[in-house]
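Structure first, then comments.
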Amino acid sequence: MASHAKSGLKAFTVPVSNPTAAQKPPAAPGNILYPRKRFLSQNIEINGVTRINAWVDSMRASSPTHLKSTPSLAEDQSSWMLHHPSALQMFEQIIDASKGKQIVMFLDYDGTLSPIVDDPDRAFMSDKMRVTVGNLAECFPTAIVSGRCRDKVYKFVRLAELYYAGSHGMDIKGPEKGSKHKKASESVLCQPASEFLPMIDEVYKQLVEKTKSTPGAMVENNKFCLSVHYRCVEEKKWSELAQQVKSVVKEYPKLRLTQGRKVLEIRPTIKWDKGKALEFLLESLGFANCTDVFPVYIGDDRTDEDAFKILRDRGQGFGILVSKFPKDTNASYSLQEPDEVMDFLQRLVDWKKLSQGNPEC
Ligand SMILES: [Mg+2]
1 MASHAKSGLK
11 AFTVPVSNPT
21 AAQKPPAAPG
31 NILYPRKRFL
41 SQNIEINGVT
51 RINAWVDSMR
61 ASSPTHLKST
71 PSLAEDQSSW
81 MLHHPSALQM
91 FEQIIDASKG
101 KQIVMFLDYD
111 GTLSPIVDDP
121 DRAFMSDKMR
131 VTVGNLAECF
141 PTAIVSGRCR
151 DKVYKFVRLA
161 ELYYAGSHGM
171 DIKGPEKGSK
181 HKKASESVLC
191 QPASEFLPMI
201 DEVYKQLVEK
211 TKSTPGAMVE
221 NNKFCLSVHY
231 RCVEEKKWSE
241 LAQQVKSVVK
251 EYPKLRLTQG
261 RKVLEIRPTI
271 KWDKGKALEF
281 LLESLGFANC
291 TDVFPVYIGD
301 DRTDEDAFKI
311 LRDRGQGFGI
321 LVSKFPKDTN
331 ASYSLQEPDE
341 VMDFLQRLVD
351 WKKLSQGNPE
361 C
């Protein structure tokens, strides 16, 4: 595998290459587009321009809680699946598209490797998933890209061979003992938002104080960004919570508010996101100017859309959205839940071992 690794860390500029057929799901017939109206990531206006109701509507849209069995929604679902087919069902086509290229894996954590649970501190991945991700990292360069603090996501995953990008990619670190997928020995470290640390701490304390009157609200300090989780807040209280968060964040023009799945995210206004983290990692692995790389990014969240879009724009590899519900997305394929993600990763491992005739990769 090390023979696939290229040079060490280079200047951070990534050219866009020509689109390839790999971007488009082979099963998608014709040119029909799923309406791009509801879900794609947008910054939330925090200076009073956007009505709080619109804000709460947006929270609902990014956090669907159930799939109603109305005919139109069922139609939506089947139309959406046509354009974002299951990555498991399309496995052979995906492998064909990757022929002759180095697969590089990027995995979100919450909702992708672990189920979404009521207490974010207890979002553990199963032992079986850990073994699968460990095997995957033996076969392909693998990175975890999460909104969580890097240390926290490492404590959940506990695999030393992986790259970790925490705080939405604002805190990136390579494997402690180097990686067999990378020739250069220098450790990768990228923290583009260091100057914001004192401000983030200050806002964290204010948000904890401000939201403590809303039952179920939980503020998480992710070091370079903050999360206000509302997965345990009654829906009728979402508006109140939105007001509370808005009243704090509006005092900090250098911070922006975005939405994830049952979470409001507060982060620096710097132009950095999971997509930039993906580009940085590809570059640090030595694949900046390569056409023979095939990045696969799997995630369930709005914030993962930045990475899906980068892959679509580069025309390399593709994104897989983890969702049971139709969502507007730049991903090409879908998987329904973490169990399906595990099956897909295991199939990649099995295919790699078989193709190399080497059980150890
Ligand atoms: Mg997620």
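Residue numbers (the UniProt record's numbering): 1 to 361.
Backbone N, C-alpha and C fix where the C-beta goes; we use that ideal spot for every residue, glycine too.
Just so we're clear, the structure is a prediction, and the values are computed from it rather than from any experiment.
Local conformation of residue i per DSSP, three classes
i    : result
C139 : helix
R158 : coil
M261 : One detail in the question is off: residue 261 reads as Arg in this sequence, not Met. In the structure shown, R261 sits in coil (DSSP, three-state: anything other than H, G, I, E or B).
K37  : Because the pLDDT at K37 is just 39, under 50, the model does not fix this residue reliably, and the point stays unresolved.
K250 : coil
F318 : strand
V188 : coil
L278 : helix
D119 : coil
K324 : coil
G134 : helix
V233 : coil
A87  : coil
A288 : coil
G166 : strand
L335 : strand
S126 : coil
S114 : strand
E176 : coil
D273 : coil
S54  : It is worth fixing the name first, because residue 54 is Ala in this sequence and not Ser. Three-state DSSP puts A54 in a helix.
A61  : helix
A97  : helix
Sub-8 Å separation of residue i and residue j beta-carbons
i           : j    : result
A331        : G319 : yes
Q346        : T112 : no
P192        : P338 : no
residue 363 : V341 : Absent from the structure is residue 363, since the part of the chain shown begins at 1 and ends at 361.
A307        : F106 : yes
L321        : H84  : yes
residue 411 : H229 : In this structure the chain extends from 1 to 361, so residue 411 is not present and cannot be described.
P141        : V188 : no
Y252        : M199 : yes
Q259        : S126 : no
L88         : F280 : no
L257        : I270 : no
P268        : F196 : yes
D301        : D108 : yes
K173        : Y164 : yes
I95         : W351 : yes
Y297        : L311 : yes
Residue i - partner residues in DSSP beta bridges
i    : result
Q102 : V293
P268 : L255
E220 : S227
G357 : DSSP lists no partner for G357.
K210 : K210 is not bridged to any residue.
S298 : The question names Ser, but residue 298 in the sequence shown is Ile. Its beta-bridge partners are L107 and I320.
S200 : Checking the displayed sequence, the identity of residue 200 turns out to be Ile instead of Ser. Note: I200 sits in no beta bridge, so no partner.
A307 : Partner(s): none; A307 has no beta bridge.
V349 : Beta-bridge pairing links V349 to no other residue.
D171 : G166
V145 : A165
Cβ neighbours of residue i in the same chain (closer than 7 Å, five flanking residues each side left out)
i    : result
T176 : The question names Thr, yet the displayed sequence has Glu at residue 176. Correct list, in chain order: A160.
G169 : V145, W272, D273, K274, K276 and A277
G100 : D292
T214 : V233, K237, E240, L241 and Q244
L162 : A137, T142, A143, I144 and P175
D118 : R231 and C232
K309 : G275 and N330
C190 : I172 and F280
Sequence-distant residues of its chain with Cβ nearer than 6 Å to residue i (five each side left out)
i    : result
D110 : A123
P326 : D76, Q77 and W80
G216 : C232 and V233
F224 : S167, M170, D171 and A193
K210 : Q244 and V248
G134 : L159
L82  : none
G299 : D108 and T112
Residues near residue i in its chain [Cβ-Cβ closer than 8 Å; skip 5 each side]
i    : result
Q206 : V248
K152 : G166 and N222
D201 : N221
V203 : L226, V248, V249, Y252, L255 and I266
L282 : V14, V104, A288, V293 and P295
K128 : M342
V56  : W238, S239 and A242
V157 : Y109, L113, M125, R130, V133, I144 and Y164
Distance cut-off 7 Å: residue i Cβ against heavy atoms of ligand 3
i    : result
N135 : Among the ligands in the structure shown, ligand 3 does not appear; only ligand 1 can be found there.
Taking 5 Å as the limit, name every residue whose beta carbon sits nearer than that to some heavy atom of ligand 1, in sequence order.
D108, D110, G111, D300 and D301
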